[in-house]
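The sequence shown begins at 14 in this note's numbering and counts up one residue at a time. First up is the structure itself, then whatever we jot down about it.
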Amino acid sequence: MAGSKHKSVRLSTGVSHRARKRFGQNFLHDQSIIDRIIKSVNPKAEDHLLEIGPGQGALTSQLASVGAQLDCIELDRDLVDHLSNEYQQQDHVCIHQQDILKVDLQQIAESGGNKKLRIIGNLPYNISTPVLFHLLKNHSLIKDMVFMLQLEVVQRMSAGVGDKNYGRLGIMLQYYCEVEHLFNVPSTAFTPQPKVNSAIVRLTPHEKPPIQAKDVECLQTVIRTAFNQRRKTLRNSMKTLLSAEQLSSLSLDSKLRPENLSLADFVLIADSISSQG
Ligand code: SAM
14 MAGSKHKSVR
24 LSTGVSHRAR
34 KRFGQNFLHD
44 QSIIDRIIKS
54 VNPKAEDHLL
64 EIGPGQGALT
74 SQLASVGAQL
84 DCIELDRDLV
94 DHLSNEYQQQ
104 DHVCIHQQDI
114 LKVDLQQIAE
124 SGGNKKLRII
134 GNLPYNISTP
144 VLFHLLKNHS
154 LIKDMVFMLQ
164 LEVVQRMSAG
174 VGDKNYGRLG
184 IMLQYYCEVE
194 HLFNVPSTAF
204 TPQPKVNSAI
214 VRLTPHEKPP
224 IQAKDVECLQ
234 TVIRTAFNQR
244 RKTLRNSMKT
254 LLSAEQLSSL
264 SLDSKLRPEN
274 LSLADFVLIA
284 DSISSQG
């Protein structure tokens with residue numbers, strides 16, 4: 014994501030830092046966007062906040078200023094040293110040098126007395142989907158999440174039935190969460206400027222899931238199989254997973270294509286397969 018023409022920045026540790034492409038580093042500099050993100054999060058002193066990829070701290074200072082417990086997970090050692098230096102006087106802020114994909118969310122939640130986590134991040138776009146799925150493994154520990162992501166990804170996350178962006182990512186996220194596309198962010202808000210536009214999305218895990226599959230892995234297989242063959246009708250794409258008789262017993266139109274099926278329809282198919290044993 015990081016572009017090629019960008020200057021280095023002198024960090025508080027004296028180290029000169031240049032945005033690293035391999036870490037998906039595009040730093041936010043537009044104060045009006047930063048303020049809008051913080052307003053969307055609306056952090057409170059009693060919250061337990063978790064920031065992913067704080068970078069040079071664009072969002073961190075306003076998050077820290079509310080006085081809540083704030084854990085920050087950053088992979089880049091130079092930035093970790095800089096942030097640890099900046100926040101050394103603030104005991105409620107803890108900077109972890111770690112890969113978010115390896116973080117034990119349970120442990121972080123326990124350190125805050127098992128309060129549900131409020132997660133914020135301008136995510137490294139190259140790993141955004143694995144990060145979302147890693148966090149959702151622990152959806153019951155999360156109160157809400159506000160993320161900056163590539164606009165195209167946010168459109169897929171929030172797409173409903175019939176939408177051209179409707180697919181696997183959106184359906185699986187909507188299984189666990191309410192998904193809200195809040196606003197778009199132009200590439201000019203970052204240094205270096207990415208080649209894509211971005212958007213802010215809020216994910217709120219359902220307190221009580223509106224619909225529950227007997228076996229989530231089976232649901233994932235059904236959705237993956239259906240969308241791998243997007244142009245095929247249900248009757249054709251589901252052949253490897255269930256028989257024509259089984260499918261017709263489900264009162265679904267087997268001539269439909271995956272983009273016409275709701276989450277409830279996919280759960281119906283998955284549950285029929287799971288109950289076969
Ligand atoms: N929050 C900052 C901002 O808005 O300016 C930085 C955002 S930048 C798009 C993404 C940040 O995530 C970088 O600081 C990068 O070093 C960090 N990062 C990349 N991969 C990571 C990983 N696997 N775990 C934790 N942080 C990571």
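Beta carbons: idealized from backbone N, C-alpha and C, even for Gly.
| Query | Result |
| --- | --- |
| Segments assigned beta strand (DSSP E), at least 3 residues, entirely inside the segment 37-88 | 61-65 and 82-87 |
| Alpha helix (DSSP H) runs wholly inside the segment 176-201, at least 4 long, in chain order | 181-189 |
| Given 8 Å, three or more beta-carbon pairs between the segment 30-38 and the segment 47-57 | no |
| Three-state class that DSSP yields for Ser-141 in the structure shown | helix |
| Same chain only: Cβ atoms within 8 Å of Met-14, ignoring 5 sequence neighbours per side | Below a pLDDT of 50, predicted positions are generally treated as unreliable, and Met-14, at 44, falls in that range; the measurement from the model is reported next regardless. Cβ within range, chain order: Lys-34, Gly-37, Gln-38, Asn-39, Pro-137, Tyr-138, Asn-139, Pro-207, Lys-208 and Val-209. |
| Asn-98 CB to nearest heavy atom of ligand 1 below 8 Å | no |
| Residues near Ala-226 by beta carbon distance below 7 Å, same chain, minus five either side | Leu-232, Val-280, Ala-283 and Asp-284 |
| CA-to-CA distance, Gly-183 to Arg-90, given in whole angstroms | 33 Å |
| Cβ-heavy atom distance, Gln-38 to ligand 1, below 8 Å | yes |
| Start-to-end residues for the beta strand (DSSP E) that takes in Val-214 | 211-218 |
| Separation of Met-161 from Asp-84, as counted between CA atoms | 18 Å |
| Counted within 10 angstroms of its Cβ, other Cβ atoms place Glu-230 as buried (16 or more) or exposed | exposed |
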